[in-house]
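Take our numbering: the final residue in the sequence shown is number 352, and no numbers are missing along the way. C-beta atoms are modelled at their ideal positions from N, C-alpha and C, and glycine is treated no differently. What you are looking at is a predicted structure, and each value in this text was computed from that prediction instead of being measured.
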Amino acid sequence: MTALEAGRTAVGTAVDLALARLVEQGRARDRRSAVLAEAARDAAAGGKRFRPRLVAESNLAFGGRGTADPAVADVAAGFELLHTAFVVHDDVIDGDVERRGRPNTSGRFRADARAAGAAVGRAARYGDAASILVGDVLLFEAVRLIAAADLPAGPRRRLLDLLDDVILLSAAGELADVEYASLPDPPDPEAVLAAARDKTAVYSISAPLQAGAILAGAPEPAVAALGAAGRSLGLAFQLADDLIGAFGTAEQAGRAPGADLREGKHTALIATARHSGSWPEVKAALALAPTGPEGVQAARRALDACGARKRVHALIDEILGAARERWSRAPVPEASKRMLGDLTDVIEERIP
Numbered sequence: 001m002t003a004l005e006a007g008r009t010a011v012g013t014a015v016d017l018a019l020a021r022l023v024e025q026g027r028a029r030d031r032r033s034a035v036l037a038e039a040a041r042d043a044a045a046g047g048k049r050f051r052p053r054l055v056a057e058s059n060l061a062f063g064g065r066g067t068a069d070p071a072v073a074d075v076a077a078g079f080e081l082l083h084t085a086f087v088v089h090d091d092v093i094d095g096d097v098e099r100r101g102r103p104n105t106s107g108r109f110r111a112d113a114r115a116a117g118a119a120v121g122r123a124a125r126y127g128d129a130a131s132i133l134v135g136d137v138l139l140f141e142a143v144r145l146i147a148a149a150d151l152p153a154g155p156r157r158r159l160l161d162l163l164d165d166v167i168l169l170s171a172a173g174e175l176a177d178v179e180y181a182s183l184p185d186p187p188d189p190e191a192v193l194a195a196a197r198d199k200t201a202v203y204s205i206s207a208p209l210q211a212g213a214i215l216a217g218a219p220e221p222a223v224a225a226l227g228a229a230g231r232s233l234g235l236a237f238q239l240a241d242d243l244i245g246a247f248g249t250a251e252q253a254g255r256a257p258g259a260d261l262r263e264g265k266h267t268a269l270i271a272t273a274r275h276s277g278s279w280p281e282v283k284a285a286l287a288l289a290p291t292g293p294e295g296v297q298a299a300r301r302a303l304d305a306c307g308a309r310k311r312v313h314a315l316i317d318e319i320l321g322a323a324r325e326r327w328s329r330a331p332v333p334e335a336s337k338r339m340l341g342d343l344t345d346v347i348e349e350r351i352p
């Protein structure tokens with residue numbers, strides 16, 4: 001989106017400055033502090049910086065100065081590091097050692113331990129421990145950036161209250177996601193959707209939109225309306241991600257096609273299939289997915305045939321349609337409504 005691109009350089013600079021400070025602090029202490037700080041920097045490198053750009057654009061829509069305001073840039077950078085912290089911890093929870101086709105934080109530390117002579121099990125434990133600690137460092141750095149932003153006491157308190165709620169809700173959503181994947185009986189699709197919304201949608205879209213508005217001095221009804229719109233858009237975004245993880249191209253997914261199917265991830269797409277009358281056939285096809293490209297294709301065909309793919313696509317359309325109707329009546333500026341419309345277009349374009 002053209003509007004969201006405007007603050008990308010300033011956001012990137014704020015993120016880079018925060019990470020450079022962290023690395024400098026680590027190197028000034030000792031070797032392990034430096035290793036953790038450098039790993040945190042590497043984990044946050046690259047990416048589209050989507051969440052901080054939402055902070056900046058929402059701030060502009062409510063009459064703020066966007067990333068021309070140093071406080072906005074700092075808060076935006078804080079949301080990027082919050083995202084990175086969650087991603088690092090999520091990889092540990094999921095047992096993943098790669099991200100975007102390369103070793104992630106855990107994978108890199110595991111490889112270092114193996115190269116130093118550690119046994120496989122001990123290397124895995126070391127890698128996971130390092131990832132948890134790197135995520136902790138990033139999480140605190142995110143909070144520090146937002147708490148230390150040059151703001152009056154009122155907006156600062158509103159932001160910290162928002163951040164407090166976001167972190168707890170995201171953690172609860174992650175726990176629900178793990179719980180549902182471990183149960184012998186499938187949870188209701190509605191419960192899976194609620195977990196996806198809490199785990200990802202709130203911190204990815206809802207909270208950044210609200211933070212930008214708070215920084216511009218928006219009244220509470222407008223901030224609440226943005227929160228509701230953001231939760232809907234975030235859930236639709238996550239459902240599109242589920243479809244990409246199963247049916248998307250390598251370019252869309254940032255890794256080999258069908259990765260979610262190969263890894264057996266319990267997404268809303270799979271939850272929908274489990275409640276179809278064809279689940280035994282789908283389950284058998286999903287068991288083939290880890291065997292290679294032909295197995296992935298078999299799983300895709302089964303998910304198509306049972307109607308799960310079509311249902312998730314329809315659900316995204318339903319969610320976005322309802323969100324459009326709500327924000328059209330919301331007490332927010334026209335510029336904010338246009339931004340929400342742009343976000344909707346982006347989500348729709350992502351659906352494979």
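Own chain partners of residue i with C-beta closer than 7 Å, once the 5 adjacent residues on each side are dropped
| i | result |
| --- | --- |
| A298 | A285, L288 |
| G234 | R197, T200, A201, V202, S204, I205, S206 |
| C306 | A273, S276, S278, V282 |
| G63 | A216 |
Same chain, Cβ closer than 6 Å to residue i, five either side skipped, listed in chain order
| i | result |
| --- | --- |
| G212 | V55, S58, N59 |
| L261 | A246, A289, V296, A299 |
| L4 | With a pLDDT of 46 at L4, under the threshold of 50, the modelled position of that residue is not reliable, and no figure is offered here. |
| A39 | T105, V134 |
| A6 | Confidence at A6 is low in this model, with a pLDDT of 49, below 50, so its placement is unreliable and no value can be given for it. |
| E325 | none |
| D27 | The residue you asked about is not Asp; residue 27 is Arg in the sequence shown. Contacts found: A34. |
| H89 | G135 |
Separation of residue j from residue i, as counted between CA atoms
| i | j | result |
| --- | --- | --- |
| A171 | V282 | 30 Å |
| L138 | A71 | 19 Å |
| A225 | A330 | 6 Å |
| D342 | S336 | 10 Å |
| G78 | D177 | 25 Å |
| V143 | A73 | 14 Å |
| L82 | S328 | 30 Å |
| D317 | A181 | 26 Å |
| V120 | D150 | 47 Å |
| D161 | A118 | 44 Å |
| I214 | P221 | 11 Å |
Bridge partner(s) assigned by DSSP for residue i
| i | result |
| --- | --- |
| P103 | E98 |
Assigned exposure category for residue i - 16 Cβ within 10 Å defines buried
| i | result |
| --- | --- |
| R158 | buried |
| P257 | buried |
| L19 | buried |
| T84 | buried |
| F140 | exposed |
| A115 | exposed |
| H266 | buried |
| Q238 | buried |
| R122 | exposed |
| E174 | buried |
| Q210 | buried |
| R338 | exposed |
Close beta carbons around residue i, own chain, < 8 Å, minus the five adjacent residues each side
| i | result |
| --- | --- |
| V97 | D91, P103, N104, S106, G107, R110, G127 |
| A253 | I244, G245, A259 |
8 Å contact criterion, which residue i and residue j should meet: CB distance rounded
| i | j | result |
| --- | --- | --- |
| I347 | A250 | Actually they are not in contact, since the Cβ atoms of I347 and A250 sit about 20 Å apart, beyond 8 Å. |
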